[in-house]
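The structure appears right after this line, and notes come after that.
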Amino acid sequence: TGTDGSYLLRDSESIPGVYCLCVLHQGYVYTYRVSKTETGSWSAETAPGVHRRLFRKVHSLISAFQKPDQGIITPLRYPVVNHAKA
1 TGTDGSYLLR DSESIPGVYC LCVLHQGYVY TYRVSKTETG SWSAETAPGV
51 HRRLFRKVHS LISAFQKPDQ GIITPLRYPV VNHAKA
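Using UniProt numbering, you'd call the opening residue of the sequence shown number 1 and step up by one each time.
Below you can see the structure in the form of C-alpha cells.
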C-alpha cells in the first residue's frame with residue numbers, strides 16, 4: 001500500500017508531449033494533466049475554479065504543488081521513483 005501524498009510524473013499515454021501527474025490519496029490515484037503552453041510555460045489541470053498557474057520549469061510546478069490548497073487533492077509529499085531498468 002502507498003502513502004497519501006505519494007506522486008509520480010509520467011508521459012501521457014494518449015497525448016504526445018504531455019505529462020500526467022499521478023497523486024495517491026486515500027487509496028485512489030488522482031491524475032492531473034501537465035502540459036506546455038504556447039508561450040513555453042508549464043501548467044497543470046487543477047480543480048474547477050482554481051486559478052491556472054504558469055511555471056517556467058516542471059520542477060517549479062512540482063515544488064508549488066508540495067504546498068496545500070493548490071487545486072489538487074493533497075499536497076505532493078513523496079516522489080515515487082521508477083527503479084526499473086530499460
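Virtual Cβ for every residue (Gly too), placed ideally from N, Cα, C.
Just so you know, these numbers come straight off a predicted model, no measurement behind them.
Distance cut-off 6 Å: residue i Cβ against heavy atoms of the ligand ATP
{"i": "Glu45", "result": "Absence of the ligand ATP from the depicted structure is noted, as is the absence of any ligand whatsoever, leaving it without description."}
Option in the options with minimal Cα separation from residue i
{"i": "Glu25", "options": "Val81, Pro75, Val80, Asn82", "result": "It should be noted that the sequence gives His, not Glu, for residue 25. Here the closest residue by C-alpha is Pro75."}
Straight-line gap, residue i to residue j (C-alpha atoms, nearest Å)
{"i": "Ser63", "j": "Pro79", "result": "11 Å"}
{"i": "Ala44", "j": "Val34", "result": "4 Å"}
{"i": "Ser14", "j": "Ser6", "result": "23 Å"}
{"i": "residue 162", "j": "Gly17", "result": "A question about residue 162 goes unanswered here, because the residues of the chain that appear run from 1 up to 86."}
{"i": "Val81", "j": "Pro68", "result": "22 Å"}
{"i": "Glu38", "j": "Asp4", "result": "33 Å"}
Contacting residues, own chain, Cβ-Cβ under 8 Å from residue i (five flanking each side not counted)
{"i": "Ala86", "result": "Reliability fails at Ala86, whose pLDDT of 49 lies under 50, so the model's placement of it is uncertain and no value is given."}
{"i": "Ile72", "result": "Leu21, Val23, Tyr30, Tyr32, Ala44, Thr46, Ala47, Phe65"}
Close beta carbons around residue i, own chain, < 7 Å, minus the five adjacent residues each side
{"i": "Arg56", "result": "Ser41"}
* To do: Go through the UniProt domain "SH2" (1–80) residue by residue and report every complete run of the beta strand (DSSP E) that reaches 3 residues or more, in order.
  => 6–11, 19–25, 28–36, 42–44
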